[in-house]
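There are 4 protein chains.
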Amino acid sequence: MGEYMHDQPVTPRTQDEKDAVVNRLKRIEGQVRGIQKMVEDDRYCVDILVQVSAINAALKKVGFSVAERHTKHCVSDAVQSGNGDEAIDELMEVMKQFAK
Amino acid sequence: MGEYMHDQPVTPRTQDEKDAVVNRLKRIEGQVRGIQKMVEDDRYCVDILVQVSAINAALKKVGFSVAERHTKHCVSDAVQSGNGDEAIDELMEVMKQFAK
Amino acid sequence: MGEYMHDQPVTPRTQDEKDAVVNRLKRIEGQVRGIQKMVEDDRYCVDILVQVSAINAALKKVGFSVAERHTKHCVSDAVQSGNGDEAIDELMEVMKQFAK
Amino acid sequence: MGEYMHDQPVTPRTQDEKDAVVNRLKRIEGQVRGIQKMVEDDRYCVDILVQVSAINAALKKVGFSVAERHTKHCVSDAVQSGNGDEAIDELMEVMKQFAK
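This is the structure we're talking about:
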C-alpha cells in the first residue's frame with residue numbers, strides 16, 4: 776500500500792463515473808493544447824492568462840467532484856468502520872494542497 | 776482588436792521564449808493524460824487529487840511566467856508611452872481571475 | 776433553522792476548543808490592526824501585501840481546523856445516521872468558497 | 776532599507792487613500808471579532824466557515840487595491856527610471872504569495 780489508506784476506492788468507480796471524469800479531463804487536455812498554439816501564434820499575454828485561469832477553474836471542478844465522491848464512499852466507509860478520523864485527516868491534508 | 780489592448784505582445788516572443796512555455800505546457804498535457812489513466816485504472820481518489828493539485832501548481836507557474844513577461848514588455852511599454860494605467864488595470868483584472 | 780443543516784455543532788465545542796480558535800482569531804485581529812497602522816505610517820506597499828498574505832494564510836488555517844472538527848463531528852454523525860450525502864454536499868459547497 | 780526596494784511608496788499616499796484602505800481594514804477587523812463571538816456562541820461550523828471565506832475575499836480585495844496602487848506608482852516610476860525589471864520581479868514575488 777502507498778502512503779495513503781488505500782490503493783483504490785473502497786467502492787470501485789462505475790464506467791459511467793470514470794467516463795464523466797475522463798471526458799472532462801480530455802477537454803482540459805484540449806485546452807492545454809490550445810494554449811500551446813496560442814503561444815506559438817504569439818497571441819497577446821492577457822488572452823493566454825485568461826485561458827490558464829479557465830483551465831485552473833476546470834481542474835478545480837474536477838478535483839472537487841473527485842473529493843466529493845471520495846468523501847461519500849471512502850471517508851464515509853471509514854467513519855462507519857471506526858477509522859473516520861484517519862480518513863478525515865487524509866482528506867483535509869489533500870484539500871489543503873488543493874486550496875492553494 | 777479584441778477586448779484587450781493588443782492582439783499580440785508589443786515585443787514578439789523569441790522562439791526560445793515560446794519553446795520554454797510550450798515545453799512546460801506539454802508536460803502539463805502529459806500530466807492531464809496521466810490522470811485520465813489513473814481514473815481508468817480506478818486509482819485511489821487521494822492519489823488523483825494530489826496529481827490535480829500538482830497540475831494546478833504547474834499551471835500557476837506558467838501563468839506567472841507569462842504575467843511577468845507581459846509586465847516587463849507590454850505593461851512597461853504602455854507606462855513609457857503614457858498608457859500605463861489602462862495596461863495596469865488590464866493586468867490586475869486578469870491577476871484577480873488567476874488568484875482564485 | 777437557517778439555510779444549513781444545523782444552528783450548532785452536533786457535539787458542542789469544549790471551552791478548550793473554543794479558546795484555541797478564539798485565540799488564533801485574536802492574533803489575526805491584531806495583525807489586521809497592525810496593517811492599519813502600516814497604512815497610516817505610509818509603509819511600502821510590498822511590506823503591506825506580505826502582511827495581507829500572512830493573514831490570509833492564518834485565516835485559512837483557522838478555516839481548515841474548523842472544517843476538520845466539523846467533518847469529524849457533524850458530518851460523521853450525519854454519515855452514521857444516514858444523512859451523509861446531504862452533510863457532504865454542504866461541506867463541499869463551503870470548501871469550494873473557501874478554496875478560492 | 777529593508778529587503779525591498781523602498782521603505783515607503785515613491786508617491787506618498789494621500790489621506791483619502793489611507794482612509795479608504797484603513798476603513799476597509801476596520802470592517803475586516805470587526806468581521807474577525809464577529810467570528811470570535813460565533814465561536815463563543817458555539818455557532819454551526821458551516822456558518823463560521825462562510826464568514827472566514829468572506830473575510831478572505833475582503834482581504835484579497837484590499838490586497839489587490841494596494842497592488843494596483845503600487846504598480847501605478849512605485850513600479851511605473853521604476854520602469855520610467857530604468858529599474859523596471861527589479862520592481863516587476865518584486866511585484867511578481869509578492870503576487871505569488873498573495874495568489875495562494
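Residue numbers (this note's numbering), protein chains in the order written: chain A, 776 to 875; chain B, 776 to 875; chain C, 776 to 875; chain D, 776 to 875. Note that beta-carbon positions come from the ideal geometry of N, C-alpha and C, so glycine has one too.
Item, Value
"Contact check, B:Q783 vs A:Y779, beta carbons under 8 Å", "no"
"C-alpha distance - A:P787 paired with B:E815, whole-angstrom precision", "11 Å"
"D:K875 in three-state terms, based on DSSP", "coil"
"Proximity of B:A842 and D:M867 at Cβ, strictly below 8 Å", "yes"
"C:A874 beta carbon less than 8 Å from that of A:A874", "yes"
"Candidates A:I810, A:H845 and A:L824, of which the one nearest B:K871 by Cα", "A:L824"
"Test item: CB-CB of A:G859 and C:S828 under 8 Å", "no"
"Contacting positions in the region 855 to 875 of chain D - beta carbon closer than 8 Å to chain B", "Q855, G859, D860, I863, D864, L866, M867, M870, K871, F873 and A874"
"Per-residue contacts from A:N842 into chain C (C-beta, under 9 Å)", "Sequence inspection shows Ala at residue 842 of chain A; the Asn mentioned does not correspond to that position. The answer, in chain order, is M867 and M870."
"Terminal residues of the alpha helix (DSSP H) in which C:C820 lies", "C820 to H845"
"Assigned secondary structure, D:H848 (DSSP; H/G/I helix, E/B strand, else coil)", "helix"
"Secondary structure of D:E778, DSSP reduced to three states", "coil"
"Under 9 Å (Cβ pairs) to chain C, residues found in the region 817 to 844 of chain D", "D817, R818, Y819, C820, V821, D822, I823, L824, V825, V827, S828, A829, I830, N831, A832, L834, K835, V837, G838, V841, A842 and R844"
"Nearest-angstrom Cα separation, counted from A:R808 out to B:T800", "According to the sequence as given, residue 800 of chain B is Leu; it is not Thr. So the two alpha carbons sit approximately 8 Å from each other."
"Contact belief for C:Q826 with C:I803 at Cβ below 8 Å, rounded distance in angstroms", "Not a contact, Cβ separation roughly 11 Å."
"Beta-carbon gap between C:V914 and D:H845 smaller than 8 Å", "Only positions 776 to 875 of chain C appear in the structure, and residue 914 of chain C is not among them; the question remains open."
"Classification of B:V869 by the beta-carbon crowding that lies within 10 angstroms, buried from 16 upward", "buried"
"Local conformation of B:R788 per DSSP, three classes", "coil"
"Beta-carbon gap between C:Q806 and A:Q855 smaller than 8 Å", "no"
"Environment of A:M776 [buried if 16+ CB atoms lie within 10 Å]", "Per-residue confidence for A:M776 stands at a pLDDT of 42, beneath the threshold of 50, marking its modelled position as unreliable; no derived number is given."
"Helix, strand or coil at C:G859 according to DSSP, with G and I counted as helix", "helix"
"D:V796 and D:S840 closer than 8 Å at C-beta", "yes"
"Collapsed DSSP secondary structure at D:Q806 in the structure displayed", "helix"
"Close beta carbons around C:E865, own chain, < 7 Å, minus the five adjacent residues each side", "Y779 and M780"
"C:Q811 - DSSP class collapsed to helix/strand/coil", "helix"
"Distance between B:V837 and D:T789 (C-alpha atoms, nearest Å)", "36 Å"
"C-beta neighbour in chain C for D:K847, strict 8 Å", "no"
"Pairwise C-alpha distance: C:A832 and D:K835", "11 Å"
"Rounded straight-line distance, which links the Cα of D:G857 to that of A:I830", "35 Å"
"Separation of D:D817 from C:D794, as counted between CA atoms", "11 Å"
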